[in-house]
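S.K.:
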Amino acid sequence: MSGLSGADAKVYELIESMESAGIVAVPELCEAVKASTITFVGFSCTFGDDGERSIDIGRHGFFERKTRSRTENLLSKLRDLEKDVRFTVFIDDMEFRRVWGWSRSQESLTEECEFQIELAREESQIPGDWDVELWSRVESRIECIPKVCLNTELWHQINSGVACAPINYEMVLKWAAEPAQSRALDEIARMRQTYPRNRNVKLSELRASSVTGLAVYSHAGEVLEFLHPGAIFIHSADHRRDHMLGYRRTKPLPIIHPWR
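Rendered as structure tokens:
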């Protein structure tokens, strides 16, 4: 908290008082709260049935009643401290095919997610001052940015100076399967085995399927570094996944869990 004073110090104290799992990257959080507009971002969980028939967004993640209320409470208290705040919620419409293995076309899934967002707004499940974006739209923006406009240091670390390749999920998926990520995959598999649904699943099976999870989280972390470099991430999922967002970043991502 060094270097903070006045309203900025009060903002940090408020965030700390609501933290339920431990703030990640405190120095970066302190820098973020100094901004004239504090930017928060987060992913809202999606839900779909096993038959690939329906998607439900409005009753899960940040739109679930308790989580929505606590998030609104945080933002409201920050505004009471005369801070301008912005919150963007991402809906990962790519998750159904990438993680769950659905066979439906991406176009139809994206269209249904758009409809679900409209429905949630009509039913007042999404506060009017929240921005909601589909992750496919976000990824398309980063893929269109020329390499020279991106973080040069990060490009050299990840791609060893490869001449002209866009940052895309397929590239990150290949990276996640490389031997260099073996330790990370082991840790993720062990964490997943603690979930009740996975207790009877072999560690080797969980490890194999963890490649996708590592790729999804790591890619999200790097994309956020390019498009929202000063943002604070509100994590509504398992806090043990926090570190997965940071594998491909050059700077730590400040992460909070304001659920206390």
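Numbering (the numbering used here), first residue to last: 5 to 264.
Even glycine gets a Cβ: it sits at the ideal position worked out from N, Cα and C.
Can you tell me whether DSSP reads E137 as helix, strand or coil?
M.R.: Stepping through the sequence shown from its first residue, residue 137 is reached at position 133. It is a strand residue.
S.K.: Using 8 Å as the threshold, is the C-beta distance between G46 and F66 below it?
M.R.: Numbered from its first residue, the sequence shown carries residue 46 at position 42. Numbered from its first residue, the sequence shown carries residue 66 at position 62. Yes. Within cutoff.
S.K.: Which of the three DSSP states, helix, strand or coil, is assigned to S73?
M.R.: By one-based count along the sequence shown, residue 73 stands at place 69. Helix, per DSSP.
S.K.: Taking the alpha-carbon positions, what's the I146 to R252 distance?
M.R.: Here residue 146 is taken as the residue at index 142 of the sequence shown, counted from 1. Here residue 252 is taken as the residue at index 248 of the sequence shown, counted from 1. Approximately 15 Å, taken between the alpha carbons.
S.K.: Confirm, please, whether the CB-CB distance from L82 to V89 is below 8 Å.
M.R.: Locating residue 89 in the sequence shown gives position 85, counting from the first residue. Locating residue 82 in the sequence shown gives position 78, counting from the first residue. Yes, the Cβ-Cβ distance between V89 and L82 is below 8 Å.
S.K.: With distance defined between alpha-carbon atoms, name the residue in K255, D133, A241 and K70 nearest to E229.
M.R.: Mapped onto the sequence shown, residue 229 falls at position 225. Taking only the C-alpha atoms, the option nearest E229 is K255.
S.K.: Using the Cβ count rule (16 or more neighbours within 10 Å means buried), how would you classify D12?
M.R.: One-based indexing of the sequence shown puts residue 12 at position 8. Label assigned to D12: buried.
S.K.: Return the first residue and the last residue of the alpha helix (DSSP H) that D12 is part of.
M.R.: Along the sequence shown, read from residue 1 onward, the residue named residue 12 stands at position 8. Residues G10 to M22.
S.K.: Going straight from the alpha carbon of M98 to that of G10, what length do you get?
M.R.: Against the sequence shown, residue 98 aligns to sequence position 94. Against the sequence shown, residue 10 aligns to sequence position 6. Near 42 Å, if we compare the C-alpha coordinates of G10 and M98.
S.K.: Do you know how far the Cα of F44 is from the Cα of E126?
M.R.: The sequence position of residue 126 within the sequence shown is 122, counting from 1. The sequence position of residue 44 within the sequence shown is 40, counting from 1. Whole-angstrom Cα-Cα distance: 23 Å.
S.K.: Roughly how many angstroms lie between the CA atoms of H64 and D190, to the nearest whole one?
M.R.: Residue numbering aside, residue 64 sits at position 60 when the sequence shown is read from its first letter. Residue numbering aside, residue 190 sits at position 186 when the sequence shown is read from its first letter. Roughly 29 Å separates the two Cα atoms.
S.K.: Using the Cβ count rule (16 or more neighbours within 10 Å means buried), how would you classify Y221?
M.R.: Here residue 221 refers to the residue found at position 217 when the sequence shown is read from its first residue. It is buried - the Cβ of Y221 has at least 16 other Cβ atoms within 10 Å.
S.K.: Just the Cα atoms here: how many angstroms apart are Q185 and D84?
M.R.: Counted from its first residue, the sequence shown places residue 185 at position 181. Counted from its first residue, the sequence shown places residue 84 at position 80. Whole-angstrom Cα-Cα distance: 44 Å.
S.K.: Drop a sphere of 10 angstroms on the beta-carbon of T198, count the other beta-carbons inside from all chains shown, and report buried for 16 or more, exposed for fewer.
M.R.: On the sequence shown, residue 198 is found 194 positions in, with the first residue counted as 1. It is exposed - the Cβ of T198 has fewer than 16 other Cβ atoms within 10 Å.
S.K.: What residues in its chain sit with their C-beta under 7 Å from that of G250, if we drop five residues either side in the sequence?
M.R.: Counting from 1 along the sequence shown, the entry for residue 250 is found at position 246. Correct list, in chain order: G225, P256 and L257.
S.K.: If contacts are defined as beta-carbon pairs under 8 Å, then E23 and R264 qualify, I think. What distance do you get, rounded to the angstrom?
M.R.: For the purposes of this step, residue 23 is taken as the residue at position 19 of the sequence shown. For the purposes of this step, residue 264 is taken as the residue at position 260 of the sequence shown. Confirmed, Cβ separation roughly 6 Å.
S.K.: Apart from the five residues just before and just after E32, which ones in its own chain have a Cβ nearer than 8 Å to its Cβ?
M.R.: Start at 1 with the first residue of the sequence shown, and residue 32 comes out as number 28. For E32, where only same-chain residues beyond five positions count, the Cβ hits under 8 Å are K255, P256, L257 and P258.
S.K.: Buried or exposed, going by whether 16 or more other CB atoms sit within 10 Å of the CB of I19?
M.R.: By 1-based counting over the sequence shown, the position of residue 19 is 15. That one is buried.
S.K.: Taking Cβ positions, are Y173 and H232 nearer each other than 8 Å?
M.R.: Taking the sequence shown and counting its residues from 1, one reaches residue 173 at position 169. Taking the sequence shown and counting its residues from 1, one reaches residue 232 at position 228. Their beta carbons are not under 8 Å apart, which means Y173 does not touch H232 by this criterion.
S.K.: Excluding the 5 residues preceding and the 5 following V142 in the sequence, name in chain order all residues of the same chain whose CB lies nearer than 8 Å to its CB.
M.R.: Indexing the sequence shown from 1 puts residue 142 at position 138. Once the five neighbours on either side are set aside, the close Cβ partners of V142 are F94, V227 and L231.
S.K.: Just to confirm before moving on: does the CB-CB distance between F100 and D135 stay below 8 Å?
M.R.: Here the question's residue 100 lines up with position 96 in the sequence shown. Here the question's residue 135 lines up with position 131 in the sequence shown. In this structure, D135 does not lie closer than 8 Å to F100 by Cβ.
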